[in-house]
Each structure stands twice: as C-alpha cells, then as structure tokens.
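S.K.: Numbering (the working numbering), first residue to last: 80 to 624. Yeah, the Cβ is synthetic: ideal placement off N, Cα and C, and Gly gets one too. Could you have a look at this structure, given as structure tokens, before my questions?
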C-alpha cells in the first residue's frame with residue numbers, strides 16, 4: 080500500500096470518479112485536501128464567497144450536467160452555512176458528495192469550529208442527506224468516499240455528507256489501500272410487472288402518464304414521452320419535473336400542483352381511467368396531488384432507495400422500467416383531439432401572455448409584462464433559473480419549456496436566494512448556452528456575496544431583478560390573511576450600480592423604453608449582464624382560464 084495523506088486520498092478519489100468541477104471555500108480544517116488538489120490540474124475549483132452558494136450552485140450544475148456534484152467546505156460554521164443547499168439537493172434528488180472538515184476525534188468541547196459533541200455536524204446533515212459519514216482512519220476514509228459516490232447515484236439520487244476529522248486530515252502520510260470506485264446500484268424491474276402494466280395501458284380508454292423528478296434526474300423523459308405517443312397516453316408533470324415534456328406537445332396537459340399552475344393537469348387526472356406514475360416517492364405531496372384527484376386506477380413506478388413491490392406500485396430503476404415497457408407496450412392508433420380534448424396547455428399560456436399587453440403602460444413596470452419582453456430573446460438552448468417568489472410564478476407561467484434544461488428552480492424547498500448561485504452552476508454546466516436568471520430584490524440580497532462569482536463565471540447570462548423593495552409574496556399573503564402587512568420592506572437598492580462597481584454590466588430600468596434598450600444591449604452580449612427593473616409591489620398572480 081502506498082503512503083498518502085487524507086487530502087491526497089480525497090483528491091485521488093475525485094480523479095478516479097472523473098470529477099472535473101468542485102465547488103468550495105477553503106478553511107483551516109480542509110488544508111490537506113486543498114494542498115492535494117493544487118497538484119491536480121484536471122479538477123476545476125469554483126471558489127465562492129459564501130458556503131451556501133457552493134451547494135446551491137452545485138445543485139444547479141448537477142441538474143444541467145447530469146453529473147454528481149462535489150462540494151468541499153471547512154468545519155463547523157463553514158459546513159453549516161451550506162446546509163440549506165444540501166437540503167435543496169436532497170429535495171431535488173440531485174446527486175452530491177458534500178465533503179467537509181470536522182473537529183478532531185475525541186475533541187474537547189468548544190474547540191475551534193466545534194461544539195459539545197464531535198459528531199454534531201454529522202448528526203445535523205443526517206437529516207437532509209441520504210447518508211452522513213465520519214471516518215476515523217485512512218482505510219475508513221477510502222471506503223467512505225466509495226460509498227458516498229455510489230449512494231449519491233443509487234436508488235433515489237441525493238446528497239451524501241462526509242466529514243474528515245482534523246486529526247485525520249493533518250496526520251502524516253500513512254499506508255492506505257488504493258481507491259476503488261463502486262458502481263451505482265441498478266435495480267431491475269420484473270418482466271411480469273411491466274407486462275401487466277402494458278396490458279392495462281392497452282385496455283385503458285384514457286391512459287395518463289404522470290412524471291415526477293425521478294424521470295428528469297435519471298434522464299428517461301424522452302423514452303417515456305415516446306411510450307406515451309405509442310399508446311396515446313396524455314402526460315402531466317409535477318412541479319419538480321417541468322421540462323420532462325415539451326410545452327407544445329399535443330399530449331401534454333400541464334403541471335399537477337396546487338399553486339398557480341392552472342387546473343388542466345388536475346382535470347386530466349380526474350378524467351383518466353388509468354394513471355401510471357413514474358419517479359414519484361410514496362407519501363409525498365406530489366403523489367397526493369395525483370391520488371386526491373383520481374377517479375381511475377393508479378400504478379406507481381417509484382423512485383426510492385428501497386427496491387421491490389409495495390401496494391399500488393413497484394420501486395426499481397426507471398431505466399429498467401423503460402426497458403421492460405418498450406418491449407411490451409402495444410402501439411395503437413389514436414386521435415389526440417377526440418381522446419384528450421382538454422389537453423391544450425400551450426393555448427392557455429398564449430392567452431395569459433397576450434393578456435399582459437394591458438399592462439404595457441403601467442409604471443412601475445408589471446412583473447409579467449416585463450418578463451414577456453424577454454421572450455423574443457429566448458430559444459430552445461436557453462436555461463431560465465427561477466428564484467422563489469411572485470417573480471417565480473410569473474416566470475414559470477409565461478416562459479416556454481422545451482426540455483428538462485429549460486427551467487430550473489428550488490421548487491417546494493423554496494430557497495430564497497437560489498437564482499444567483501444557480502446561475503453560477505448553470506453557467507459552468509451549460510458552457511456557451513445562454514442563461515437567464517429571474518429573481519427579486521429580497522432574494523438577491525440574500526446571495527449578494529457571490530455577485531462577483533457570477534461575473535467571474537462569464538459567458539452569455541442575464542440576471543433580471545424584479546425590484547419592488549419588499550418581500551412581495553409574503554406581503555400579499557399577509558394582506559389576504561390578516562388585512563395588513565408587517566416587516567416586509569427591503570432597503571431600496573440599485574443593483575445595476577453594484578454590478579458595474581464589480582466590473583460587470585448593469586442597467587437600471589424604470590420605463591418601458593429603458594427596458595427595451597437594456598434587452599437590446601444584454602442579449603447580444605457574451606458577458607454577464609444585470610437588468611434591475613423597478614417593479615410594482617403587491618403583484619397579482621397569473622389567471623389560468
């Protein structure tokens with residue numbers, strides 16, 4: 080066995096796992112890893128100014144690249160600053176290996192970055208990750224790294240936390256086994272299961288396919304769309320699977336979610352005589368939305384870590400489910416218009432977009448009307464990154480969706496401050512493809528520390544700030560429930576000046592003409608551009624008809 084340090088073993092593991100990008104912020108408890116990485120030219124390190132940015136950017140990077148994200152952060156407050164992004168990865172089912180420093184083994188209470196229990200960080204991350212590991216020897220570290228990468232990409236994808244105690248990190252080189260990667264576990268789906276569902280689909284008059292995040296994460300959406308076309312099944316998606324079906328597909332009925340996505344998806348669920356779900360977990364809100372509107376029968380090909388049959392479904396690798404169905408699903412002629420007359424999501428969206436012209440003369444500018452002006456600058460290669468808030472609702476409503484990379488957001492985890500870090504990850508994953516970020520002033524203020532990191536990422540990206548100087552969605556909710564608001568104001572900020580001060584390009588927009596000029600300047604640009612739009616407060620929501 081060769082002699083190596085803990086940091087060298089981590090670096091060798093990253094190389095063996097074909098990791099080419101790492102998000103992180105150096106600290107005293109991770110010096111060993113960074114010293115080893117200094118000699119690995121094939122690994123790009125994305126240095127952030129706040130640890131939360133590292134994990135949120137990594138989540139977006141993983142969504143668009145399809146790879147396992149890696150973050151390296153220091154112990155204690157450094158690691159815990161990033162826990163929201165690890166939770167985002169867990170919620171979104173994006174594979175991530177989260178490596179941090181840690182207090183030494185048998186640490187005294189209140190050591191540097193420590194608390195009363197040396198396991199306190201590992202215990203906290205255990206609640207928002209698939210697995211939380213704290214190896215104490217080099218051999219255990221090698222095994223833990225292999226297990227971390229395999230677990231992140233097996234079953235339901237997600238994050239794994241691995242922390243290296245300071246005494247192990249700083250120890251002198253010692254003999255250690257060669258690093259050995261472990262292949263992700265692939266669970267087969269029995270032939271009799273897929274054959275039965277194929278027969279049920281053939282017998283159904285109005286079959287419906289429902290897609291959740293597992294379909295997008297495992298990259299099988301195009302295969303399932305093809306299967307739906309073969310058998311004439313309509314399709315709906317969860318909020319976490321937007322993009323699994325193109326908006327203009329004649330069999331696409333929309334999003335089955337309870338918040339500002341219209342009723343088309345739910346109406347289609349209610350009218351189906353057979354619903355086949357793909358990539359849903361049991362006992363989740365997304366599955367509840369389907370089952371609570373159900374009038375026909377339901378079968379769920381689940382996306383979980385525990386394989387096997389359960390009441391009303393089977394948990395297996397979705398790739399293997401597709402393998403089985405592709406061999407057995409019967410192709411049958413169908414007339415989409417007669418079978419699914421309500422399936423016309425694209426028509427609803429067009430009506431909403433057209434209705435926004437009524438707001439063209441309003442000042443400050445209307446959220447939806449302002450975002451409509453971006454539409455001519457978008458195409459199938461554009462990725463839209465959405466923050467959490469009223470601006471997100473308008474963005475999801477009127478921005479076109481062509482593929483799983485068309486829109487990414489924090490969904491029901493609802494991470495305010497997601498857009499800026501996610502734009503960094505998207506920019507690095509999408510290479511030269513354009514990225515548009517939609518955020519609000521409150522959200523951007525939460526992530527401002529890494530505005531410079533976004534500018535450094537370069538490339539064609541535009542961050543649009545709908546700036547109403549308040550937490551608008553909260554204000555609207557308070558008014559509806561209590562008849563008044565409290566503690567919802569934000570300090571007026573000129574974000575365009577901030578971008579300019581950091582060497583970027585920012586435009587302050589207060590009128591329709593200024594917005595037109597800013598868009599004309601932003602979209603031919605090959606460097607990051609910020610458009611700060613003074614917007615109406617207390618925005619209404621889109622009305623689906």
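1) Excluding five sequence neighbours on each side, which residues of the same chain lie with their C-beta closer than 8 Å to the C-beta of residue 361?
2) Within a Cβ cutoff of 7 Å, which residues of the same chain sit near residue 259, ignoring the five residues on either side of it in sequence?
3) What is the residue span of the beta strand (DSSP E) that residue 571 lies within?
4) Looking at the structure shown, is residue 611 part of a helix, part of a strand, or coil, going by DSSP?
5) Quick one: is residue 213 buried, meaning 16 or more other Cβ sit within 10 Å of its Cβ, or exposed?
6) Does the beta-carbon distance from residue 508 to residue 171 come in below 8 Å?
7) Whole-angstrom Cβ separation of residue 513 and residue 460, contact assumed at under 8 Å?
8) Report the residue from 524, 567, 582, 480 whose alpha carbon sits nearest the alpha carbon of residue 537.
9) Going by DSSP, name the residue or residues bridged to residue 514.
10) May I have a chain-ordered list of the beta strand (DSSP E) segments no shorter than 3 residues that lie completely inside the region 364-430?
11) Which parts of the region 171-239 are runs of the beta strand (DSSP E), unbroken and 3 residues or longer, counting only runs that do not cross its ends?
12) Could you tell me the boundaries of the beta strand (DSSP E) in which residue 584 lies?
13) Less than 6 Å between C-beta atoms, sequence neighbours within five positions excluded: which residues of the same chain meet that for residue 396?
14) Of all the CB atoms in chain C, is at least one closer than 8 Å to the CB of residue 106?
15) At the level of alpha carbons, what is the spacing between residue 324 and residue 184?
16) Just the C-alpha distance for residue 575 and residue 585, rounded to the nearest angstrom, thanks.
17) Would you decide whether residue 546 is buried or exposed? Buried here means 16 or more other CB atoms lie within 10 Å of its CB.
18) Can you check which of these residues, 590, 190, 114, is closest to residue 440 by C-alpha distance?
19) Between the region 107-118 and the region 137-155, are three or more C-beta pairs nearer than 8 Å?
20) What do you reckon, are the CB atoms on residue 523 and residue 607 nearer than 8 Å?
21) With DSSP collapsed to three states, give me the class of residue 65.
22) At which residues does the beta strand (DSSP E) containing residue 151 begin and terminate?
23) Is the beta carbon of residue 237 less than 8 Å from the beta carbon of residue 174?
24) Report back the beta-carbon spacing between residue 403 and residue 394 to the nearest angstrom; my notes put them in contact at under 8 Å.
25) DSSP three-state label for residue 444, please.
26) Which residue's Cα is closest to the Cα of residue 531: 406, 126, 181?
27) Quick check: residue 541 and residue 610, are their CB atoms within less than 8 Å of each other?
28) By Cβ distance, which residues of its chain are closer than 8 Å to residue 205, with the 5 residues on each side in sequence left out?
29) Could you compute how far the alpha carbon of residue 139 sits from the alpha carbon of residue 464?
30) Take residue 208 as the anchor and find which of 261, 528, 177 has the nearest alpha-carbon.
31) Alpha carbon to alpha carbon, how far is residue 411 from residue 285? Give it in angstroms, no decimals.
32) Considering only residues of the same chain and omitting the five flanking positions on each side of residue 602, which have a CB-CB separation below 6 Å?
33) Looking only at its own chain, which residues have a Cβ that is under 6 Å from the Cβ of residue 317, when we skip the five neighbours before and after it?
34) Taking the straight line between their C-alpha atoms, what separation do you get for residue 359 and residue 295?
35) Just reading off the alpha helix (DSSP H) that residue 126 is part of, what are its end residues?
36) Going straight from the alpha carbon of residue 398 to that of residue 280, what length do you get?
M.R.: Per the coordinate set shown:
1) Taking the first residue of the chain shown as 1, we reach residue 361 at position 282. A distance below 8 Å between beta-carbons, with the five flanking residues on each side excluded, links residue 361 to the following residues of its chain, in chain order: 379, 381, 383, 389, 392.
2) If you number the chain shown from 1, residue 259 lands on position 180. Non-local C-beta neighbours of residue 259 in its own chain, meaning closer than 7 Å and more than five positions away in sequence, comprise 225, ordered along the chain.
3) In the chain shown, counting from the first residue as 1, residue 571 sits at position 492. Counting along the chain, residue 571 falls outside any beta strand (DSSP E), and DSSP gives it neither H nor E.
4) Within the chain shown, numbered from 1, the residue matching residue 611 stands at position 532. If DSSP states are grouped into helix, strand and coil, residue 611 belongs with the strands.
5) Translated into positions along the chain shown, residue 213 becomes position 134. Residue 213 is buried by the Cβ-count criterion.
6) For this step, residue 508 is matched to residue 429 along the chain shown. For this step, residue 171 is matched to residue 92 along the chain shown. In this structure, residue 508 lies away from residue 171, with their beta-carbon atoms at least 8 Å apart.
7) Mapped onto the chain shown, residue 513 falls at position 434. Mapped onto the chain shown, residue 460 falls at position 381. Residue 513 to residue 460, Cβ: 7 Å. Contact.
8) Reading the chain shown from its first residue, position 458 is the one you call residue 537. Shortest Cα-Cα distance from residue 537 to any of 524, 567, 582, 480 involves 582.
9) Position 435 of the chain shown, counted from the start, is the residue given in the question as residue 514. Paired residue(s): 462, 540.
10) The region 364-430 contains these whole beta strand (DSSP E) runs: 376-381, 387-389, 392-394.
11) With a minimum length of 3 residues, the continuous beta strand (DSSP E) runs that stay inside the region 171-239 are 175-181, 210-212.
12) Looking up residue 584 in the chain shown gives position 505. Unbroken beta strand (DSSP E) run through residue 584: 584-588.
13) For the purposes of this step, residue 396 is taken as residue 317 along the chain shown, with counting starting at 1. So the list reads 265, 266, once near-sequence residues are dropped.
14) The structure shown contains no chain C, having only a single protein chain.
15) Here residue 324 refers to the residue found at position 245 when the chain shown is read from its first residue. Here residue 184 refers to the residue found at position 105 when the chain shown is read from its first residue. So the two alpha carbons sit approximately 50 Å from each other.
16) Along the chain shown, one-based indexing puts residue 575 at 496. Along the chain shown, one-based indexing puts residue 585 at 506. If I take the Cα positions, the gap works out to 4 Å.
17) Position 467 of the chain shown, counted from the start, is the residue given in the question as residue 546. It counts as buried.
18) Taking the first residue of the chain shown as 1, we reach residue 440 at position 361. Of the residues 590, 190, 114, the one whose Cα lies closest to the Cα of residue 440 is 590.
19) When C-beta atoms of the region 107-118 are compared with those of the region 137-155, three or more pairs fall below 8 Å, so the two segments count as touching.
20) The residue labelled residue 523 in the question sits at position 444 within the chain shown. The residue labelled residue 607 in the question sits at position 528 within the chain shown. With a cutoff of 8 Å on beta-carbon distance, residue 523 and residue 607 are scored as not near each other.
21) Nothing about residue 65 can be reported from this structure: the residues present for the chain run from 80 to 624 only.
22) Walking along the chain shown from the start, residue 151 turns up at place 72. Element bounds for residue 151: 148-152.
23) Residue numbering aside, residue 237 sits at position 158 when the chain shown is read from its first letter. Residue numbering aside, residue 174 sits at position 95 when the chain shown is read from its first letter. Their beta carbons are under 8 Å apart, which means residue 237 touches residue 174 by this criterion.
24) Within the chain shown, residue 403 is the residue found at index 324, counting from 1. Within the chain shown, residue 394 is the residue found at index 315, counting from 1. Contact between residue 403 and residue 394 fails: their C-beta atoms lie close to 14 Å from each other, not under 8 Å.
25) In the chain shown, the residue the question calls residue 444 occupies position 365. Strand, per DSSP.
26) Position 452 of the chain shown, counting from 1, holds the residue named residue 531. Of the candidates 406, 126, 181, the one whose C-alpha sits nearest the C-alpha of residue 531 is 126.
27) Taking the chain shown and counting its residues from 1, the one referred to as residue 541 is at position 462. Taking the chain shown and counting its residues from 1, the one referred to as residue 610 is at position 531. Their beta carbons are under 8 Å apart, which means residue 541 touches residue 610 by this criterion.
28) In the chain shown, the residue the question calls residue 205 occupies position 126. Excluding positions up to five away in sequence, the list reads 211, 240.
29) Within the chain shown, numbered from 1, the residue matching residue 139 stands at position 60. Within the chain shown, numbered from 1, the residue matching residue 464 stands at position 385. Between residue 139 and residue 464, the alpha-carbon positions lie close to 9 Å from each other.
30) Here the question's residue 208 lines up with position 129 in the chain shown. It is 177.
31) As a first step, residue 285 is located in the chain shown; it is residue number 206 there, counting from the start. As a first step, residue 411 is located in the chain shown; it is residue number 332 there, counting from the start. In a straight line, the C-alpha of residue 285 is about 12 Å away from that of residue 411.
32) Translated into the one-based positions of the chain shown, residue 602 becomes position 523. 456, listed in sequence order.
33) In the chain shown, counting from the first residue as 1, residue 317 sits at position 238. Excluding sequence neighbours, residue 317 sits near 291, 365.
34) Along the chain shown, read from residue 1 onward, the residue named residue 359 stands at position 280. Along the chain shown, read from residue 1 onward, the residue named residue 295 stands at position 216. Answer to the nearest angstrom: the Cα atoms are 11 Å apart.
35) Taking the first residue of the chain shown as 1, we reach residue 126 at position 47. The continuous stretches of alpha helix (DSSP H) do not include residue 126, which lies in the beta strand (DSSP E) extending over residues 123-126.
36) In the chain shown, residue 398 corresponds to position 319, counting from 1. In the chain shown, residue 280 corresponds to position 201, counting from 1. C-alpha separation (whole angstroms): 19 Å.
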